[in-house]
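K.L.:
Sharing a structure, written as structure tokens. Questions coming.
There are 2 protein chains.
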Amino acid sequence: MKLDPDSPKDLSAQIAAAIRDEIVSGKLIVDARLPSEAELAEHFAVSRPTVREALKRLAAQSLIRTQRGATGGAFVNRLSFEQAYGQQITTSTLLLSMNAVSFDVACEARFALERACAPLAALRRRPDHLARMRLEIMRQSNPALSDEDFCASDVALHRALVDGSGNPVLSYHLAGAVEAMQPLMNMITFTARSRGAIIDLHSRLTDAIEAQDAAAADAALSELAEYTLTLGRDVMAARAARAQD
Amino acid sequence: MKLDPDSPKDLSAQIAAAIRDEIVSGKLIVDARLPSEAELAEHFAVSRPTVREALKRLAAQSLIRTQRGATGGAFVNRLSFEQAYGQQITTSTLLLSMNAVSFDVACEARFALERACAPLAALRRRPDHLARMRLEIMRQSNPALSDEDFCASDVALHRALVDGSGNPVLSYHLAGAVEAMQPLMNMITFTARSRGAIIDLHSRLTDAIEAQDAAAADAALSELAEYTLTLGRDVMAARAARAQD
DNA sequence: GGGGATCATGCTGTCAGACCGGATCAGAGC
DNA sequence: GCTCTGATCCGGTCTGACAGCATGATCCCC
């Protein structure tokens with residue numbers, strides 16, 4: 001736990017990195033209490049506000065939590081799947097929106113990942129996963145649904161599929177990929193006809209998962225990917241045409 | 001940009017959330033300059049240290065960067081793929097190590113994801129991807145290589161495969177999954193025999209990718225997944241036996 | 001002696017004010 | 001017209017302080 005005074009980085013960044021290393025390397029175990037801010041300040045030979053800034057950095061990544069009171073302090077946080085989801089989703093969303101990722105590329109990535117877990121979902125899906133999927137299909141059939149809500153329901157259906165794989169690690173990685181796509185998907189306006197086609201494919205997909213037919217599920221996802229790509233390209237083309245006017 | 005004085009959360013957390021929302025929603029565009037710390041402090045009616053803690057939280061997520069000097073300040077950062085990689089890898093690694101994720105589950109997730117991008121890699125691989133894969137295979141053939149280095153080379157080979165898909169979004173998601181597995185993989189001791197088997201499968205995989213034969217690549221990955229699982233189970237069994245003594 | 005109310009303690013959360021050093025730019029001097 | 005210098009802005013850091021909260025020991029009353 002030393003820091004380099006000649007480093008170009010902030011002191012608080014260096015301190016944060018030092019503590020993060022301790023956590024990642026396992027020297028600081030889950031629920032362990034870090035020294036108090038005053039002790040850390042003395043140890044690193046900096047002032048307390050500097051230590052605090054470092055701790056806030058770690059708190060932003062959910063690596064630690066703080067508690068007030070006599071037995072309070074900073075504790076190494078057990079990173080829950082939910083927290084990890086949340087962080088991954090914001091990171092992925094920003095990455096997509098800030099780097100001019102094309103609809104095609106994002107779409108391809110999303111469906112490639114989903115197809116990876118379809119066979120597992122077909123194998124292990126439980127009744128509640130099927131129920132969630134059917135519920136979303138029902139929701140999507142409501143013509144009064146706004147485009148945003150239709151999209152959200154689409155994401156929910158796909159998350160149910162992903163969760164059906166029964167592998168939390170897989171769910172975690174795919175949740176980020178699927179949710180991060182939502183802003184891009186929101187650019188699409190769903191006509192009644194395209195909604196019908198999507199719902200059809202969703203139904204086929206759900207049926208295949210229920211029947212534990214991995215090949216059929218893959219086929220449905222494949223078609224859905226193709227169709228979504230077409231929709232996206234239409235939107236882009238229309239936009240380009242408008243821009244030319 | 002308002003904050004709730006009755007919220008149980010820290011002021012700095014609230015301020016950070018408020019600014020983050022502005023960024024995610026697109027109100028603050030990339031490279032836009034935030035108000036100076038003093039102005040933010042006045043706007044939110046808090047002190048400057050509190051504002052600073054909030055900014056450090058955002059900096060920890062690479063959402064902003066700061067610059068000193070007259071025209072300095074906090075700027076909305078363009079989140080690069082590299083930064084996103086880095087964050088995702090630490091998050092994924094901690095998630096796996098802190099939640100007692102079994103080797104089987106992590107392994108299954110990893111290979112499921114990799115198989116998702118194998119067909120794309122077979123389609124689009126460039127000579128440099130193949131060269132990277134061959135280089136790692138050569139490295140792995142050196143018997144003097146430590147288990148850690150063998151693992152690292154394994155990861156490098158798989159990253160080359162993933163990059164071969166030519167889809168940066170896919171690369172981003174899979175990089176996290178593959179790299180996060182490394183600590184778990186490091187628990188395995190690779191005997192000369194198991195190394196030989198793995199190198200064989202790596203060669204078959206690379207050959208299949210070079211020949212643009214997606215089915216063969218999938219088969220090789222499938223076998224590799226199976227074999228890795230076996231290795232992991234042997235390690236666990238040996239460990240359990242030792243623990244019983 | 002036991003139980004409950006109360007206070008001391010130690011910690012984080014927040015604040016005010018201040019100095020330092022880096023970066024920029026306008027204006028003085030050549 | 002160019003260079004150099006100082007003013008100025010702004011983030012990085014420090015000092016010192018107070019408030020709020022949770023714990024735990026203490027004390028008082030029954």
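Which chain is which? The protein sequence lines are A and B, in order.
Just so we're aligned, residue 1 is where the first sequence starts under the numbering used here, counting upward by one.
Just so we're aligned, residue 1 is where the second sequence starts under the numbering used here, counting upward by one.
Ideal Cβ placement from N, Cα and C applies to all residues, glycine included.
On a predicted model such as this, the values are computed, not experimentally measured, just so you know.
(1) Using a Cβ-Cβ cut-off of 6 Å (strictly less than) and excluding sequence neighbours within five positions of R57 (chain B), which residues of its own chain qualify?
(2) Between A122 (chain B) and chain A, is there a C-beta pair that is closer than 8 Å?
(3) So that I know if they touch, is there some Cβ in chain B lying closer than 8 Å to that of K56 (chain A)?
(4) Would F81 (chain B) pass as an interface residue toward chain A - the criterion being a Cβ-Cβ separation below 8 Å?
(5) When you compare the CB of E136 (chain B) with every CB in chain A, is at least one pair closer than 8 Å?
(6) At the 8 Å Cβ level, is R233 (chain A) part of the contact set with chain B, yes or no?
(7) Flag V105 (chain A) as yes if its beta-carbon sits less than 8 Å from any beta-carbon of chain B, otherwise no.
(8) Check distances from the C-beta atoms of the segment 4 to 36 of chain B to those of chain A and list, in chain order, the residues that come in under 9 Å.
(9) Can you pull the chain B neighbours of C117 (chain A), defined as C-beta to C-beta under 7 Å?
(10) Which residues mark the beginning and the end of the beta strand (DSSP E) in which I64 (chain B) is found?
(11) Applying the criterion that 16 or more other CB atoms from any shown protein chain within 10 Å of the CB defines a buried residue, is D154 (chain A) buried or exposed?
(12) What residue from B:L174, B:A177 and B:F190 has the CA that sits closest to D149 (chain B)'s CA?
(13) Using C-beta distances below 6 Å, list every residue in its chain close to A225 (chain B), excluding the 5 sequence neighbours before and after it, in chain order.
(14) If you measure from the beta carbon of G86 (chain B) to each beta carbon in chain A, is any gap under 8 Å?
(15) Should Q244 (chain B) go down as buried or exposed, given a rule of 16 or more other Cβ atoms within 10 Å for buried?
(16) Using the C-alpha atoms, what's the distance from T66 (chain A) back to A74 (chain A)?
(17) In three-state terms, what does DSSP make of A214 (chain B)?
(18) At 9 Å on the CB atoms, spell out the chain B contacts of R139 (chain A), in chain order.
(19) On a Cα-Cα basis, can you pick out the residue from A:D213, A:P127 and A:I188 that is closest to R239 (chain A)?
(20) Taking only beta-carbon atoms, is H43 (chain A) less than 8 Å away from chain B?
(21) How would you list, in chain order, the residues of chain A whose beta-carbon sits under 8 Å from the beta-carbon of G73 (chain B)?
(22) Could you work out which residue in A:A180, A:N167 and A:G164 is closest to L170 (chain B) when comparing CA atoms only?
(23) Looking at chain A, is there any beta carbon in it that lies within less than 8 Å of the beta carbon of Q61 (chain B)?
(24) Are the beta-carbon atoms belonging to L113 (chain A) and L174 (chain A) less than 8 Å from one another?
(25) Note down the Cα distance separating L145 (chain A) from T206 (chain A), rounded to an integer number of angstroms.
(26) Ends of the beta strand (DSSP E) at F75 (chain B)?
(27) Closest by CA to E22 (chain A), which one among A:A131, A:I64 and A:A152?
(28) For V76 (chain A) and T90 (chain B), which I take to be in contact (beta-carbon distance under 8 Å), what is that distance rounded to the nearest angstrom?
(29) Between the Cα of F44 (chain B) and the Cα atoms of B:I19, B:L123 and B:Q83, which residue gives the shortest distance?
(30) According to DSSP, which residues form a beta bridge with R33 (chain A)?
(31) Quick check on DSSP: helix, strand or coil for V169 (chain B)?
(32) Please identify the residue among B:A220, B:A214, B:A54 and B:Y85 whose C-alpha is closest to the C-alpha of H202 (chain B).
(33) Along the segment 218 to 243 of chain B, what residues have a CB closer than 7 Å to any CB found in chain A?
(34) Do we get a CB-CB distance below 8 Å when we pair M98 (chain A) with the residues of chain B?
(35) To which residues of the same chain is G86 (chain B) closer than 7 Å at the C-beta, ignoring the five residues directly before and after it?
(36) Strictly under 8 Å for the Cβ-Cβ distance: is V101 (chain A) near chain B by that measure?
P.N.:
Let's see:
(1) Closer than 6 Å at Cβ, skipping near neighbours: A16.
(2) Not an interface residue.
(3) Taking CB atoms only, K56 (chain A) has a neighbour in chain B less than 8 Å away.
(4) For F81 (chain B), the answer is yes, since a Cβ of chain A falls inside 8 Å of its Cβ.
(5) No, its Cβ sits nowhere closer than 8 Å to a Cβ of chain A.
(6) By this cut-off, R233 (chain A) is not an interface position.
(7) By the rule that beta-carbons nearer than 8 Å mark a contact, V105 (chain A) touches chain B.
(8) Residues of the segment 4 to 36 of chain B whose Cβ lies closer than 9 Å to any Cβ of chain A, in chain order: D10, S12, A13, A16, R20, I23, V24, G26 and V30.
(9) Using a Cβ-Cβ cut-off of 7 Å, C117 (chain A) is close to A112 of chain B, given in chain order.
(10) Element bounds for I64 (chain B): I64 to Q67.
(11) Around the C-beta of D154 (chain A), 16 or more other C-beta atoms lie within 10 Å, and the residue is accordingly described as buried.
(12) Comparing alpha-carbon positions, the option among B:L174, B:A177 and B:F190 lying closest to D149 (chain B) turns out to be B:F190.
(13) If we look at A225 (chain B) and ignore the five residues flanking it on each side, its Cβ neighbours are F111.
(14) Judged by the 8 Å Cβ criterion, G86 (chain B) is not in contact with chain A.
(15) By the neighbour-count rule (16 or more Cβ atoms within 10 Å), Q244 (chain B) is not buried but exposed.
(16) For A74 (chain A) and T66 (chain A), the distance between alpha carbons rounds to 4 Å.
(17) Looking at A214 (chain B) - three-state DSSP - the assignment turns out to be helix.
(18) Near R139 (chain A) there are no residues of chain B at all, since even the closest Cβ is about 25 Å away, more than 9 Å.
(19) Each of A:D213, A:P127 and A:I188 was checked against the Cα of R239 (chain A), and the nearest Cα belongs to A:I188.
(20) It does not: the Cβ of H43 (chain A) has no partner Cβ on chain B nearer than 8 Å.
(21) Simply none; closest approach about 15 Å.
(22) For the set A:A180, A:N167 and A:G164, the Cα lying nearest the Cα of L170 (chain B) is the one of A:A180.
(23) Interface residue, yes.
(24) For L113 (chain A) and L174 (chain A), yes; Cβs fall inside 8 Å.
(25) Going from the Cα of L145 (chain A) to the Cα of T206 (chain A) covers about 21 Å.
(26) Taken as a continuous stretch (DSSP letters only), the beta strand (DSSP E) holding F75 (chain B) covers G73 to V76.
(27) Checking every option, the nearest Cα to that of E22 (chain A) belongs to A:I64.
(28) Not really, about 14 Å apart at Cβ, beyond 8 Å.
(29) The option with the nearest alpha carbon to F44 (chain B) is B:I19.
(30) DSSP links R33 (chain A) through a beta bridge to A:F75.
(31) Helix at V169 (chain B).
(32) Of the candidates B:A220, B:A214, B:A54 and B:Y85, the residue whose Cα lies closest to the Cα of H202 (chain B) is B:A220.
(33) For the segment 218 to 243 of chain B, the beta-carbon criterion of a distance under 7 Å to any beta-carbon of chain A is satisfied by none of its residues.
(34) At least one beta carbon of chain B lies nearer than 8 Å to the beta carbon of M98 (chain A).
(35) Excluding sequence neighbours, G86 (chain B) sits near nothing in its chain.
(36) So yes, V101 (chain A) belongs to the interface.
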